[in-house]
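Peer 1: Sharing a structure here in structure tokens format.
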Amino acid sequence: MNLVYTHELPVGRAEKEKRLKQKACVIWMTGLSGSGKTTLGLGLEKELFRLGYFVQLLDGDLVRRGINSNLSFSEADRVENIRRIAEVSRLFLESGIITINCFISPTNEIRSMARQIIGPEDFIEVYMNAPLSICEERDSKGLYAKARKGEIHQFTGIDSPFEIPDNPELELKTFEMPIQGTLNKALAFILPKIKLNNY
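According to numbering that gives the first Met the number 0, the sequence shown is numbered sequentially starting from 0.
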């Protein structure tokens, strides 16, 4: 068997974006459990896809069932969880794909790490702002109640801190508007950033 070696460069991100007719980016939604990250992420994915964009949604439940199934919720494993997600997101980015990430990512340090891995120019941080009391009211899984009873440990907002983002690109006060209003505001901000020139 003869192997042929070439010095050709791989297909670049710009060429892939041109094929997909979009500008790739990573939309990183952060906020407490129950703040509306996945709800908005799903709505955003559906609407962008309807408009002709190629989008991939990642959330905590999805990645912890697969690539991060071996990680706990310790501080070190939370950092590793976000590091892996950021690396996967960068691969999607280089493929020209718009990625919507829905992760608590509770500290400024951990979000800064993700931003640096992905690249600041391609990272859109969206702070899903909802008070803890509202998030507890929305808690369909009963996670906050279990955390308050001591059945779940290191739960963000109860016995593990959440740091409000210093300078998010977009802040959405999900307790002040219905989901459609939140979606409309997110779309108005994101659409100009993913539109490829000449398309």
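Glycine included, every Cβ here is placed at the ideal spot set by N, Cα and C.
Of the residues Pro9, Arg12, Gly30 and Ser111, which one's Cα is nearest the Cα of Ile163?
Peer 2: Comparing Cα positions, the closest option is Gly30.
Peer 1: Count the other C-beta atoms from every protein chain shown that fall within 10 angstroms of the C-beta of Phe102, then say buried if there are 16 or more, exposed otherwise.
Peer 2: Answer is buried; the Cβ neighbour count reaches 16.
Peer 1: Relative to the C-alpha of Val52, which candidate in Ala75, Lys17, Glu170 and Met28 has its C-alpha closest?
Peer 2: Strictly speaking, residue 52 in this sequence is Tyr, with Val absent from that position. Comparing Cα positions, the closest option is Lys17.
Peer 1: Which residues in the same chain have their Cβ closer than 6 Å to the Cβ of Gln200, if we skip the five residues on either side of it in sequence?
Peer 2: With the chain covering only 0 through 198, there is no way to say anything about residue 200.
Peer 1: I need the boundaries of the beta strand (DSSP E) containing Gln55, first residue and last residue.
Peer 2: It spans Val54 to Asp58 - the beta strand (DSSP E) in which Gln55 sits, taken as one unbroken run.
Peer 1: Bridge partners for Glu124 per DSSP, in chain order?
Peer 2: In DSSP, Glu124 forms a bridge with Trp27.
Peer 1: Hey, would you say Arg82 sits closer than 8 Å to Ile116, going by beta carbons?
Peer 2: Yes, they are a contact pair.
Peer 1: Could you say which of Ser139, Gly42, Asp138 and Val25 lies nearest to Val87 if we only look at CA atoms?
Peer 2: Comparing Cα positions, the closest option is Val25.
Peer 1: Less than 8 Å separating the beta-carbons of Ala129 and Leu39?
Peer 2: For Ala129 and Leu39, no; Cβs fall outside 8 Å.
Peer 1: When the Cα of Thr181 is compared with those of Gln21, Val10, Glu14 and Glu46, which residue comes out closest?
Peer 2: Closest by alpha carbon: Glu46.
Peer 1: Between the alpha carbons of Glu14 and Lys192, how many angstroms are there, rounded?
Peer 2: If you take the alpha carbons of Glu14 and Lys192, they lie about 18 Å apart.
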